[in-house]
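Taking it in order: structure first as C-alpha cells, then the write-up.
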Amino acid sequence: MDNSTSPATPADAPKIPNETADLAFVLRAMQADLGLFERLQPEKLMDVIKAANIEIARMQALQLHCLAGLRRRRSDA
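Read in order, the letters of the sequence shown are residues 1 to 77 in UniProt numbering.
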C-alpha cells in the first residue's frame, strides 16, 4: 500500500473481524502502517474501534475472573 492520505476504497480497507485472531491481525497491520488510519473511511475506522473495545472488555472480564479465582484459592489456603 502506498502512503497517500486519500480515502481507502472498500477493497483496500481491512474487513472488520468477528474473531480475536482476525482483530489481532487488523490491529497489527494498523500498527505496522500507521498511515492506514488516515486511509480508512470513518465508518470502517469506527468499526475497528468498536471491535477493539469489545475485545478489551472481554479481556478485562477474563482478568477479573482470574483474580476472583486467585482470591478464592488464597482464602482456602
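A virtual CB, placed ideally from N, CA and C, is assigned to each residue, including glycine.
Your pair residue 55 and residue 34 does not check out as a contact, with CB atoms roughly 20 Å apart and the cut at 8 Å. Restricting attention to alpha helix (DSSP H) runs no shorter than 4 residues, the region 35-62 encloses them at 35-39, ordered along the chain.
Rounded to whole angstroms, the gap between the alpha carbons of residue 46 and residue 64 is 27 Å. The C-beta distance from residue 27 to residue 68 rounds to 28 Å, too long to meet the 8 Å contact threshold.
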